[in-house]
Amino acid sequence: MTTISTRALTRSFGPVTAVSDLTLDLPSGVVGLVGANGAGKSTLIKMLLGLMPPTSGTASILGLDCLTEGLAIREIVGYMPESECLPLDVAATEFLVHMARMSGLPANVARERAADTLRHVGLYEERYRPIGGYSTGMKQRVKLAQALVHDPRLVFLDEPTNGLDPAGRDDMLDLIARVSGDFGISVVVTSHLLGELERISDHIVVIEAGTLRRSTSTADATQMSGSLLVEVTEQSDAVAERLRGRGAAVVAGPTPGTLAVEITDADVAGWVVSAAAELGVGLVRLQRRRHHLAEMFETTPTPGEVKR
Numbered sequence: 135m136t137t138i139s140t141r142a143l144t145r146s147f148g149p150v151t152a153v154s155d156l157t158l159d160l161p162s163g164v165v166g167l168v169g170a171n172g173a174g175k176s177t178l179i180k181m182l183l184g185l186m187p188p189t190s191g192t193a194s195i196l197g198l199d200c201l202t203e204g205l206a207i208r209e210i211v212g213y214m215p216e217s218e219c220l221p222l223d224v225a226a227t228e229f230l231v232h233m234a235r236m237s238g239l240p241a242n243v244a245r246e247r248a249a250d251t252l253r254h255v256g257l258y259e260e261r262y263r264p265i266g267g268y269s270t271g272m273k274q275r276v277k278l279a280q281a282l283v284h285d286p287r288l289v290f291l292d293e294p295t296n297g298l299d300p301a302g303r304d305d306m307l308d309l310i311a312r313v314s315g316d317f318g319i320s321v322v323v324t325s326h327l328l329g330e331l332e333r334i335s336d337h338i339v340v341i342e343a344g345t346l347r348r349s350t351s352t353a354d355a356t357q358m359s360g361s362l363l364v365e366v367t368e369q370s371d372a373v374a375e376r377l378r379g380r381g382a383a384v385v386a387g388p389t390p391g392t393l394a395v396e397i398t399d400a401d402v403a404g405w406v407v408s409a410a411a412e413l414g415v416g417l418v419r420l421q422r423r424r425h426h427l428a429e430m431f432e433t434t435p436t437p438g439e440v441k442r
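The opening residue of the sequence shown carries number 135 in this note's numbering; numbering runs sequentially from there.
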């Protein structure tokens, strides 16, 4: 199912073009939106939410036109901003009831949705405390909850792990995965941390200077490479020399004690095992290496290589 569709979408501010000729079709599930500051991500989201008209082109969300049906879109779409936006002197439950009422829910339904949503994000026991007394991680979960309280079909999450420690990031990523997997809500998440997007996203979109650089499934972007990742307990240089002596192409791996060995022969894995045994070193890891999202930024594809 296509959740977001754009055709030649463009937005200019005077002589500056923030989004240029953007054509995409995004599936349901979790979509990671990647781009440096100033790449056009925020402008794109504003146009998709019907908050900013495009200079030219068209866009739709869940079959609704972003230019003419913005109000209807915002009734079925949630948004978690990166910026601080919470009323610090208000209890979380009161804030969520208010946001649910603003989305058109009756008072009794709004109260039920607020309680259920705070339970889902792990804040039910703290729901009557003023938000100003919350930790950074708790505030981020309140921001996520307000994006979900009206039971949307799609949510935009802007840098949801910003400011969190590693444990807090893990918790937030688990919550996002549940939003999609357990509740069937499609998610568009922006992040500059590619490892996070690789972990939770089904599809990746890369925007650079307002133009589409790549749109591809995460599975395709992280498919198996043509090399083995080898880790030994010691003497990695000696192991590399043994393998090169058999004609293998070997380079240093991503961490100390690891090697990347190109699969140029069906017996390469056997060569690795033999080399380790001959040198009397322990073989910790021998596995087919996967590509990572960060590699998408190492080289710029030509127009013919851009995946639409």
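All C-beta atoms in this analysis are idealised placements derived from N, C-alpha and C, irrespective of residue type, glycine included.
Treat the numbers as computed from the prediction; the structure is a model and nothing was measured.
- For Leu363, the closest of Gly163, Gly391, Ile179, Glu209 by C-alpha to C-alpha distance is Gly391.
- For Ala372, same chain residues with a beta-carbon under 6 Å away, outside a window of 5 residues either side, are Leu413 in chain order.
- Between Met214 and Leu278, the C-beta gap is smaller than 8 Å, which places the two residues in contact.
- Around the beta-carbon of His326, fewer than 16 other beta-carbon atoms lie within 10 Å, marking it exposed.
- The C-beta of Val313 has 16 or more other C-beta atoms within 10 Å across all chains shown, which makes the residue buried.
- Relative to the Cα of Met135, the nearest Cα in the group Asp223, Ile319, Gly204 belongs to Ile319.
- A contact is defined here as three or more CB-CB pairs under 8 Å, and the segment 399-418 meets this definition with respect to the segment 374-386.
- By alpha-carbon distance to Val164, the top candidate from Ala355, Ser351, Leu417, Ala382 is Ser351.
- Around the beta-carbon of Val283, 16 or more other beta-carbon atoms lie within 10 Å, marking it buried.
- Nearest to Thr227 by alpha-carbon distance, out of Ala428, Leu328, Asn242, is Asn242.
- A straight-line Cα-Cα distance of about 44 Å links Pro161 and Ser370.
- Val323 is a Cβ neighbour of Ile310, given a cutoff of 8 Å.
- In summary, Phe229 is buried, with 16 or more beta-carbon neighbours lying within 10 Å of its beta-carbon over all protein chains present.
- The Cβ neighbour count for Glu330, taken over all protein chains shown within 10 Å, is at least 16; the residue is labelled buried.
- With fewer than three CB-CB distances shorter than 8 Å, the segment 164-174 does not count as touching the segment 189-208.
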